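Count along the sequence shown starting at 1, add 615, and that's the number in the numbering used here.
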Amino acid sequence: MKNMQTYTAYIPVHCIDQDDHVLARGLSASEAMKLACSHGDAWKIRLEQNDYGSFTHYVSTVSPDKRPAERSWSEQLHATVIRTTDGVADEAMALEMIAAQFLRLSHLYWNGKINSDEQFDKRVRRVKEAREVRRIDREIATKLIDAFIGDGFTITCDIQDIEPEFERCSDRDAILEYMWQIQIVEMSVHKNEFKGWLRLIFDEAGWDLVQEYSVGLEHIIDPICEPYLPWNQPNADDFDHGIHMLVLNSPDDVLKIEEMLK
């Protein structure tokens with residue numbers, strides 16, 4: 616049983632502001648199966664065995680306990696184990712084999728999920744990264760709206776719509792509240808006779824919130840966005856900036872490389 620795969624059982628929460636409801640971690644496959652079936656007292660498991668001399672055939676029947684009639688059925692899962700002198704170990708192995716089958720079908724039995732601990736840890740990291748992206752998105756967007764309004768601009772958005780939600784508006788809170796509800800925002804900014812344009816795309820990397828903007832707005836946008844760029848971060852050297860160069864000291868180096876590639 617060394618290095619046995621372990622699992623996390625949880626009720627997923629499809630909201631970035633809330634954490635999943637974790638029921639248990641570090642479970643074996645059979646423990647995860649039993650937890651899923653017993654959640655809400657919906658299912659019960661009965662294990663039977665048939666001895667065939669050198670091997671034992673195990674049959675697990677998952678049947679409704681306190682399950683609504685319209686969602687009730689019985690399912691049998693099977694495992695065949697080479698018989699040893701340790702009956703307890705044989706049964707434990709059979710349960711793990713049966714549970715491995717059950718985990719592929721577990722969504723039929725409850726509203727929770729079972730992932731390996733490693734998979735669940737990745738899920739937690741993705742949520743954490745998404746929250747950080749949203750934080751940066753909203754921080755940059757708030758600074759932009761404050762800067763435009765503070766500089767005497769009014770805002771029209773979303774200009775993708777036939778009838779924009781706001782036209783030449785300076786209501787900071789209303790504009791921001793509207794922006795939090797959509798992913799792509801296109802807006803016009805007005806000041807006297809000047810009219811500019813910019814597009815914001817949320818939920819990407821955070822620092823790239825401002826995707827495009829018209830000439831004449833860089834004096835407001837650039838000072839706000841540049842501090843968030845990856846290459847302006849203290850750990851910038853850790854990033855792969857997508858530029859790789861091979862430096863040759865002399866023309867002879869080209870000949871050496873050609874010789875190596877032969």
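Quick reminder that beta carbons are idealized off the backbone N, C-alpha and C, glycines included. All of these numbers come straight from a predicted model, not from anything done at the bench.
**Prompt:** Does the region 632-640 come within contact of the region 658-672, defined as at least 3 CB pairs closer than 8 Å?
**Reply:** no
**Buried versus exposed call for tryptophan 822 [16 or more other C-beta atoms within 10 Å across all chains shown]** = As a first step, residue 822 is located in the sequence shown; it is residue number 207 there, counting from the start. Label assigned to tryptophan 822: buried.
**Message:** If you reduce the DSSP assignment to three classes, tell me which class phenylalanine 768 lands in.
**Reply:** Your numbering for residue 768 matches position 153 in the sequence shown. Looking at phenylalanine 768 - three-state DSSP - the assignment turns out to be coil, as it is neither helix nor strand.
**Asked** Okay, do the region 777-785 and the region 731-746 touch, 3+ Cβ pairs below 8 Å being the bar?
**Response** no
**Asked** Looking only at C-alpha atoms, which of Ser689, His672, Pro845, Tyr673 sits nearest to aspartate 680?
**Response** The count along the sequence shown starts at 1 and reaches residue 680 at position 65. Looking at the Cα atoms, Ser689 is the closest of the given residues.
**Prompt:** Roughly how many angstroms lie between the CA atoms of methionine 794 and leucine 844, to the nearest whole one?
**Reply:** Here residue 794 is taken as the residue at index 179 of the sequence shown, counted from 1. Here residue 844 is taken as the residue at index 229 of the sequence shown, counted from 1. The straight-line gap from Cα to Cα measures roughly 22 Å.
**Request:** Using the Cα positions of threonine 623 and valine 739, report the straight-line distance between them to the nearest angstrom.
**Result:** By one-based count along the sequence shown, residue 623 stands at place 8. By one-based count along the sequence shown, residue 739 stands at place 124. Roughly 12 Å between the two C-alpha positions.
**Asked** Below 8 Å between beta carbons: does that hold for lysine 743 and proline 627?
**Response** Taking the sequence shown and counting its residues from 1, the one referred to as residue 743 is at position 128. Taking the sequence shown and counting its residues from 1, the one referred to as residue 627 is at position 12. No, the Cβ-Cβ distance between lysine 743 and proline 627 is not below 8 Å.
**Prompt:** Out of curiosity, what's the CA-to-CA distance linking glutamate 827 and serine 645?
**Reply:** Counting from 1 along the sequence shown, the entry for residue 827 is found at position 212. Counting from 1 along the sequence shown, the entry for residue 645 is found at position 30. Between glutamate 827 and serine 645, the C-alpha separation is close to 53 Å.
**Cβ neighbours of isoleucine 751 in the same chain (closer than 7 Å, five flanking residues each side left out)** = Working through the sequence shown from its first residue, we reach residue 751 at position 136. So the qualifying residues of the chain are Gly821, Trp822, Tyr843.
**Prompt:** For valine 804, does the count of other Cβ atoms within 10 angstroms reach 16, so buried, or fall short, so exposed?
**Reply:** Here residue 804 refers to the residue found at position 189 of the sequence shown. Looking at its Cβ environment, which holds 16 or more other Cβ atoms inside 10 Å, valine 804 is buried.
**Asked** So, glutamate 754 versus serine 643, is the Cβ gap smaller than 8 Å?
**Response** The residue labelled residue 754 in the question sits at position 139 within the sequence shown. The residue labelled residue 643 in the question sits at position 28 within the sequence shown. Not in contact: glutamate 754 and serine 643 (Cβ atoms no closer than 8 Å).
**Request:** Determine which residues share a DSSP beta bridge with histidine 693 and list them.
**Result:** Taking the first residue of the sequence shown as position 1, residue 693 is located at position 78. For histidine 693, which the question treats as bridged, DSSP gives the partners Val674.
**Asked** Alpha carbon to alpha carbon, what distance is there between methionine 619 and tyrosine 667?
**Response** Your numbering for residue 667 matches position 52 in the sequence shown. Your numbering for residue 619 matches position 4 in the sequence shown. Between tyrosine 667 and methionine 619, the C-alpha separation is close to 28 Å.
**Asked** Between the Cα of glycine 655 and the Cα atoms of Glu706, His629, Ile631, Tyr724, which residue gives the shortest distance?
**Response** Taking the first residue of the sequence shown as position 1, residue 655 is located at position 40. Among Glu706, His629, Ile631, Tyr724, the Cα nearest to that of glycine 655 belongs to Tyr724.
**glutamine 716, DSSP secondary structure in three states** = Taking the first residue of the sequence shown as 1, we reach residue 716 at position 101. It is helical.
**Prompt:** histidine 629: which of Phe717, Ser785, Arg741 sits nearest, CA to CA?
**Reply:** Against the sequence shown, residue 629 aligns to sequence position 14. Selected option, being the one with the closest Cα: Arg741.
**Asked** Nearest to aspartate 632 by alpha carbon, out of Thr700, Arg746, Asp701?
**Response** In the sequence shown, residue 632 corresponds to position 17, counting from 1. Nearest of Thr700, Arg746, Asp701 to aspartate 632, Cα basis: Arg746.
**Asked** In angstroms, rounded to a whole number, what distance separates the CA positions of leucine 692 and arginine 719?
**Response** Within the sequence shown, numbered from 1, the residue matching residue 692 stands at position 77. Within the sequence shown, numbered from 1, the residue matching residue 719 stands at position 104. Each residue's Cα considered, the two are about 12 Å apart.
**Asked** Given that a residue counts as buried once 16 or more other Cβ atoms are within 10 Å of its Cβ, and exposed if not, what is alanine 647?
**Response** Here residue 647 corresponds to residue number 32 of the sequence shown, with the count starting at 1. If you draw a 10 Å sphere on the C-beta of alanine 647, you find 16 or more other C-beta atoms in it, and that means buried.
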